[in-house]
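Q: Take this structure, written in structure tokens, and hold onto it; I'll ask about it next.
Residue numbers (my numbering): 45 to 441.
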């Protein structure tokens with residue numbers, strides 16, 4: 045088995061972990077967080093996986109950034125110098141991660157200060173994914189790079205705008221690197237969510253905010269004010285930059301009810317990450333029309349389980365209604381590499397997430413359940429009791 049290191053830089057992550065992490069670092073220094081690994085398809089992990097995973101996690105405690113990477117990070121227009129300096133000195137603490145394996149079932153829990161543990165999710169998932177394929181022996185097809193080339197050409201020829209969102213479930217770092225290198229040659233490619241690859245290939249780092257921030261606000265304060273509260277923190281911190289809001293932490297319907305006319309004017313656009321993208325776009329169009337905002341001045345971002353034909357169709361359907369229609373495509377870029385024979389043997393991208401489970405105000409506080417109520421009920425996270433309580437509070441069927 046290939047034993048070369050998998051995660052070699054603090055920047056081998058997703059940009060939204062850094063942008064969210066900065067807001068958390070400056071506003072919630074005392075909040076503790078707990079995350080849990082969810083294996084949606086219950087894919088069994090091979091014998092001995094946990095031993096190898098712990099070894100690679102230990103290796104992560106030594107990684108940092110190169111001087112060139114640090115210079116690139118601190119010069120991003122939305123990064124405060126104080127956070128860049130702290131981030132440069134950050135090191136992963138393996139004691140924050142508890143990993144066990146029972147048969148083929150992998151269990152992971154991450155616990156510690158929120159401003160620190162927020163940085164584990166993406167590199168840990170990328171590590172799990174690549175290690176899984178190393179240990180199972182599945183290998184890419186000889187023409188896997190041709191597939192990337194073809195997808196880039198199809199998207200560009202169709203007039204699409206798209207980004208790589210594929211770090212978390214990639215087949216390997218090598219594959220994602222090829223995705224960014226090849227796609228950067230095509231008109232319409234906006235950049236990558238992976239900061240290390242953005243720096244390496246001189247493309248834009250893409251990312252704003254994710255569900256966990258709103259989930260934490262819901263647990264700490266109330267689901268009824270969670271979206272608005274987090275957006276206020278975000279707007280105060282970034283002063284109009286990175287102004288794309290995610291709608292589906294407690295369903296898009298709930299989000300739009302509290303998305304005020306002033307907020308609708310101020311925010312550049314919205315991101316869809318669950319449910320039917322066509323229904324979502326129509327709801328957003330209706331909302332903009334209802335508050336007198338021209339949808340052609342706004343951006344919509346689609347990032348839920350996209351492939352190339354699907355996003356081309358979404359673009360063609362809605363490009364005349366919105367100012368920009370953008371696709372964040374992940375697994376279909378960075379883990380569509382198998383031959384038909386490998387696929388028949390069971391080769392599949394891992395359908396996994398690491399989600400916020402609970403938060404508390406400080407080390408002595410009481411753990412408060414974190415809940416996500418997606419536009420797709422299959423993506424709800426949280427205990428059954430907590431989910432039911434939030435549904436009742438928000439009057440969700």
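Yeah, the Cβ is synthetic: ideal placement off N, Cα and C, and Gly gets one too.
Let me confirm a value: residue 129 is counted as buried when at least 16 other C-beta atoms fall within 10 Å, else exposed. Which label applies?
A: Taking the chain shown and counting its residues from 1, one reaches residue 129 at position 85. It is exposed - the Cβ of residue 129 has fewer than 16 other Cβ atoms within 10 Å.
Q: DSSP has residue 196 in a bridge; who is on the other side?
A: Walking along the chain shown from the start, residue 196 turns up at place 152. DSSP output for residue 196 lists no bridge partner at all.
Q: Does any residue of chain D bring its CB to less than 8 angstroms from the CB of residue 189?
A: Absent from the structure: chain D. Only one protein chain is present.
Q: With the cut-off set at 8 angstroms, would you say residue 442 and residue 239 are in Cβ contact?
A: Since the displayed the chain opens at 45 and closes at 441, residue 442 lies outside it and no answer follows.
Q: One question on the structure: do residue 315 and residue 339 come within less than 8 angstroms of each other, judged by their Cβ atoms?
A: As a first step, residue 315 is located in the chain shown; it is residue number 271 there, counting from the start. As a first step, residue 339 is located in the chain shown; it is residue number 295 there, counting from the start. No, these two residues do not count as a Cβ contact at 8 angstroms.
Q: Run the CB neighbour count on residue 160, radius 10 Å, all protein chains shown included, and call it buried at 16 or more, exposed below.
A: Along the chain shown, one-based indexing puts residue 160 at 116. Counting Cβ neighbours within 10 Å, residue 160 comes out buried, since at least 16 surround it.
Q: Which word fits residue 203, buried or exposed, when buried means at least 16 other C-beta atoms lie within 10 angstroms of its C-beta?
A: On the chain shown, residue 203 is found 159 positions in, with the first residue counted as 1. It is exposed - the Cβ of residue 203 has fewer than 16 other Cβ atoms within 10 Å.
Q: Ignore the nearest five residues each way along the sequence and tell me which others in residue 411's own chain have a CB closer than 6 angstroms to its CB.
A: Within the chain shown, the letter at position 367 stands for residue 411. Closer than 6 angstroms at Cβ, skipping near neighbours: 402 and 404.
Q: Using alpha carbons as the reference points, say which of 163, 368, 146 and 217 lies closest to residue 154.
A: Counting from one through the chain shown, the residue named residue 154 turns up at place 110. That would be 163, whose Cα lies nearest to the Cα of residue 154.
Q: Kindly identify the DSSP beta-bridge partner or partners of residue 143.
A: Residue numbering aside, residue 143 sits at position 99 when the chain shown is read from its first letter. DSSP, once it has assigned bridges, lists 152 as partnering residue 143.
Q: Answer with buried or exposed for residue 364, where buried requires no fewer than 16 other C-beta atoms within 10 angstroms of its C-beta.
A: Along the chain shown, read from residue 1 onward, the residue named residue 364 stands at position 320. Result: exposed.
Q: Which residue wins for smallest C-alpha separation from residue 86, given the options 392, 224 and 231?
A: Taking the chain shown and counting its residues from 1, the one referred to as residue 86 is at position 42. Per the Cα distances, 392.
Q: Look at the alpha carbon of residue 222 and the alpha carbon of residue 334, and state the distance between them as a whole number of angstroms.
A: Locating residue 222 in the chain shown gives position 178, counting from the first residue. Locating residue 334 in the chain shown gives position 290, counting from the first residue. Between residue 222 and residue 334, the C-alpha separation is close to 44 angstroms.
Q: How about residue 234 and residue 370: are their beta carbons less than 8 angstroms apart?
A: Walking along the chain shown from the start, residue 234 turns up at place 190. Walking along the chain shown from the start, residue 370 turns up at place 326. In contact: residue 234 and residue 370 (Cβ atoms closer than 8 angstroms).
Q: On the DSSP bridge list, what partners appear for residue 315?
A: Here the question's residue 315 lines up with position 271 in the chain shown. DSSP lists 290 and 345 as partners of residue 315.
Q: Under three-state DSSP, which class holds residue 267?
A: Here residue 267 refers to the residue found at position 223 of the chain shown. It is helical.
Q: Just the Cα atoms here: how many angstroms apart are residue 375 and residue 324?
A: Counted from its first residue, the chain shown places residue 375 at position 331. Counted from its first residue, the chain shown places residue 324 at position 280. Looking at the two C-alpha atoms, the distance is approximately 22 angstroms.
Q: With a 10 Å radius around its C-beta and 16 neighbouring C-beta atoms as the bar for buried, classify residue 213 as buried or exposed.
A: As a first step, residue 213 must be located in the chain shown, where it is residue number 169. The residue in question, residue 213, is buried, as its Cβ has 16 or more Cβ neighbours within 10 Å.
Q: Just verifying my parser: in three-state terms, what is the DSSP assignment at residue 71?
A: As a working note, residue 71 is residue 27 in the chain shown. If DSSP states are grouped into helix, strand and coil, residue 71 belongs with the helices.
Q: Quick check on the burial criterion: 16 or more other C-beta atoms within 10 angstroms. Buried or exposed for residue 276?
A: Position 232 of the chain shown, counted from the first residue, corresponds to residue 276. So residue 276 ends up on the exposed side.
Q: Would residue 92 be called buried (16 or more neighbouring beta carbons within 10 Å of its own) or exposed?
A: Reading the chain shown from its first residue, position 48 is the one you call residue 92. By the 10 Å Cβ count, residue 92 comes out exposed.
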